[in-house]
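Colleague: Numbering-wise, this note's numbering puts 110 at position 112 of the sequence shown, and it's gapless, one number per residue.
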Amino acid sequence: MTTPLDSTNPARFFVWESLESGRVLVRDRSVSEDAARALAPELEDAFRRHDQLAVSCAKRVKGECVSAHGVFVFHPKGFVRNGRGAPKDAERFDCEVDAVDCGVAIVEGEVFDAVRGEDLLDPAVGFGALGLLAITLEARARKLGRVVACAAAVLEESASCEADFEREGFRSAIAASHCAAHLEFNAEACDLEAVAARRALSSLRWNAAIWGAPVGFEKYDDRGAYHWKLYDTHDAYHRRADTLMSFLMANLSASVDAALPMIDIGAGDALFAGLAARHGHRVIAIEPEPHAIAVALAALAAAELSERVSVIEGRAEQIPLENASCKAALLLDVIEHLRNPMRALKEIRRVLAPGGALIVATPSWKFASRADPIYHLDEYREEELARQLSAAGFSVHTTARIRGVYDDVVILAHA
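#1: Would residue 360 be called buried (16 or more neighbouring beta carbons within 10 Å of its own) or exposed?
#2: Which residue from 152, 207, 162 and 40 puts its Cα closest to that of residue 62?
#3: Which same chain residues, not among the five before or five after residue 290, have their C-beta less than 6 Å away from its C-beta?
#4: Using the DSSP secondary-structure output, state which residues sit across from residue 153 in a beta bridge.
#5: Return the chain-ordered list of same chain residues with a C-beta closer than 8 Å to the C-beta of residue 296, the five sequence neighbours on each side being excluded.
#6: Would you grab the beta carbon distance between residue 300 and residue 336 for me? Rounded to a whole angstrom, and I think it's under 8 Å.
#7: Go to residue 412, then tell me how far its beta strand (DSSP E) extends in each direction, as first and last residue.
#8: Hey, could you find the ends of the alpha helix (DSSP H) residue 209 is sitting in?
#9: Can you give, in chain order, each stretch of the alpha helix (DSSP H) that sits fully within the segment 153 to 178 and has at least 4 residues?
#10: If we require 4 or more residues per run, which alpha helix (DSSP H) segments fall completely within the segment 298 to 382?
#11: Between the alpha carbons of residue 158 and residue 18, how many angstroms are there, rounded?
#12: Give me the DSSP bridge partner(s) of residue 77.
#13: Closer than 7 Å by C-beta to residue 275: which residues in its own chain qualify, once you throw out the five before and the five after it? Chain order, please.
#14: Using a Cβ-Cβ cutoff of less than 7 Å, which residues in the same chain neighbour residue 228 once the five nearest sequence positions on both sides are dropped?
#15: Is it buried or exposed, residue 2, if we count other Cβ atoms within 10 angstroms and call 16 or more buried?
#16: State the Cα-Cα distance for the pair residue 332 and residue 338, rounded to the nearest angstrom.
#17: Helix or strand or just coil, what does DSSP make of residue 16?
#18: Under three-state DSSP, which class holds residue 110?
#19: With distances taken between CB atoms, is the gap from residue 40 to residue 150 smaller than 7 Å?
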């Protein structure tokens, strides 16, 4: 059985058909019937190779790059397409993922029925382009099986697919609200701590790389106020720090009370807080590590900036300040260390006054490597960081790059 494309209902995003095996082949409307059926043998073979498989999906490529090898939803970056931006010959092995967003997938027949797949793909129900995402996440939540992206099934993604998915998926108020209400969490911008607190969602915490315990942060124990030292001794680092400060100062909103303080989140040894203070601003430096706080206090005293900068213990995910109490926030070289950036960004937005500025700088993602493989949990593509900021309620104002050792992504946003 194949569901027809109904000319009276152009909003249909997915087409599905039952296979002889009893499984269900699902494709988004940008994929032809012939292209989907050509991939079906490889996708069906994945059920032979993988135990307890509920869904297999094709690897999507666009031009010379991977577009998606499945997606992760329970991830520090929020919704992220696995392997995106890597050379198209990368992702050469099957990969277990959280879910599938679009392209071509095969769903075990009993799973499709159990999650009411026909309803979730019906445009009249209102899930729009999020129907397949809802099916795969529901299957995981109900412990019906695993989701695997199949490396041998490669789909050339159409030029319109991603734009259509955004418009009829997360950017559609109806589809996004239906999906969030059905799953009981926001699949675009998931708060990992909120998921971890709910026993009913325990089956979604399968990925040890995300849910395992991170290594401790010991740089300040070993190296003291090393950012101050770099600023004083390395011209490239000095120029980078000054460029970031100038970028922020040029984008402070005139509509926000100038008497309010700035906050430096994850301040470390408080170099950036100190530089902001040298521009005449009052700054609150927030840092979770007691030893780093001691190092920061000593460095600020040596720089004669203690009166302008206060240092308090706190986490980005739980900022000990009142609502709308700050005029600007610095999140510099921090987000790549956070286990739950979405909660941190929402907290920053809470403490910023309306129109307050946030500057974020983080090393750019590079295929198959991290700038700091020990301490960086994740590094970002520009589009991923912009998506996460928007999902947290910020208005992205400007994006920029600082070339150098880290090849920084820099975004200026407003609350």
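Here a beta-carbon is modelled for each residue, glycine too, at the ideal position from N, C-alpha and C.
Modeller: In short, the structure shows the following:
#1: buried
#2: Selection 152, 207, 162 and 40 evaluated against residue 62 yields 152 as nearest (Cα-Cα).
#3: Excluding its 5 nearest sequence neighbours in each direction, residue 290 has C-beta neighbours in its own chain below 6 Å: 218 and 266, listed in chain order.
#4: 58
#5: Hits under 8 Å: 223.
#6: Actually they are not in contact, since the Cβ atoms of residue 300 and residue 336 sit about 29 Å apart, beyond 8 Å.
#7: 406 to 412
#8: 206 to 209
#9: 159 to 166
#10: 339 to 349
#11: In this structure, the straight-line span from the alpha carbon of residue 158 to that of residue 18 is close to 31 Å.
#12: According to DSSP, which records beta bridges pairwise, residue 77 is partnered with nothing at all.
#13: 281, 303, 306 and 307
#14: 235
#15: Model confidence at residue 2 stands at a pLDDT of 43, short of 50, so the residue's coordinates are unreliable; what they give is reported in the following sentence. Exposed, since its Cβ has fewer than 16 Cβ neighbours within 10 Å.
#16: 12 Å
#17: strand
#18: helix
#19: yes
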